[in-house]
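Visitor: Let me begin by handing over the structure; questions about it come next.
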Amino acid sequence: MQQWINNQKVRIWVPPTVGFLVYGCWALYINSSHGWMSAGKAAFTQGSYSFVVTLVLAVSVEWLFTRWLTVPLCSLWVFLVALTLLSFTSTGLHILAGTPNVLWTILPGLSISAVYTLIYVVALNKL
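Position 26, counted from 1, in the sequence shown is what my numbering calls 28; the numbers after and before it change by one each time, with no gaps.
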């Protein structure tokens, strides 16, 4: 397992690809009763969104970490800035879309992203 963590390209591209497949399959399954066309569209939309968000998060964490390596509490700052960026982006998109309950809509994904970001930053510290 340690070998793939040492490869930056793998670290950046594998999690978004897995996210695309997992969330895309979930959307396909949960929307399958509405016909394959609707389910496929939902799967591609959710999978793509997950891919982009995870990729941007990984690239942001890598970039911030390398730039702030000498800053005291670097890991904490990287975690907070990356999560804040994600929070504002998700909130803004849902406000623009007119989502009625923004907080409860983004909370599950934000929670998973927080855990992912924490693990990512801890792994970068061990390299």
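We put the beta carbon where it would ideally sit given N, CA and C, even for glycine. If you're wondering where the values come from, they're calculated on a predicted model, not measured in any experiment.
Could you give the distance in angstroms between the alpha-carbon of W65 and the alpha-carbon of V73?
Guide: Along the sequence shown, read from residue 1 onward, the residue named residue 65 stands at position 63. Along the sequence shown, read from residue 1 onward, the residue named residue 73 stands at position 71. The alpha-carbon atoms of W65 and V73 are separated by roughly 14 Å.
Visitor: For W70, collect the residues of the same chain with a Cβ closer than 8 Å to its Cβ; drop the 5 residues on either side in sequence, then sort them by chain order.
Guide: On the sequence shown, position 68 is the one that residue 70 refers to. For W70, where only same-chain residues beyond five positions count, the Cβ hits under 8 Å are C76, W79 and V80.
Visitor: Check whether the region 8-15 touches the region 105-115, counting contact only when three or more Cβ pairs, one atom from each stretch, lie closer than 8 Å.
Guide: Here the region 8-15 makes no contact with the region 105-115; the two share fewer than three CB pairs at distances below 8 Å.
Visitor: Just confirm the distance between the C-beta atoms of I14 and V54, as a whole number of angstroms; I'd bet it's less than 8 Å.
Guide: The count along the sequence shown starts at 1 and reaches residue 14 at position 12. The count along the sequence shown starts at 1 and reaches residue 54 at position 52. The Cβ separation is near 13 Å, so there is no contact.
Visitor: Is DSSP giving W65 helix, strand or coil here?
Guide: Taking the sequence shown and counting its residues from 1, one reaches residue 65 at position 63. The answer is helix: DSSP assigns W65 an H, G or I state.
Visitor: Compute the beta-carbon to beta-carbon distance between L88 and S115, rounded to the nearest angstrom, for a pair I have assumed lies under 8 Å.
Guide: Here residue 88 refers to the residue found at position 86 of the sequence shown. Here residue 115 refers to the residue found at position 113 of the sequence shown. L88 to S115, Cβ: 6 Å. Contact.
Visitor: Reducing DSSP to helix, strand and coil, say where P18 ends up.
Guide: Here the question's residue 18 lines up with position 16 in the sequence shown. It is helical.
Visitor: Going by C-alpha distance, which of P102, A44, L59 and L82 is nearest V16?
Guide: Against the sequence shown, residue 16 aligns to sequence position 14. Measuring from the Cα of V16, the nearest candidate turns out to be L59.
Visitor: Give the straight-line distance between the Cα atoms of N103 and V83, rounded to the nearest whole angstrom.
Guide: Position 101 of the sequence shown holds residue 103. Position 81 of the sequence shown holds residue 83. Taking the straight line from one Cα to the other gives about 24 Å.
Visitor: Tell me whether T86 is buried or exposed, calling it buried when 16 or more other Cβ atoms sit within 10 Å of its Cβ.
Guide: Translated into the one-based positions of the sequence shown, residue 86 becomes position 84. Under the 10 Å beta carbon count, T86 is surrounded by fewer than 16 other beta carbons and is classified as exposed.
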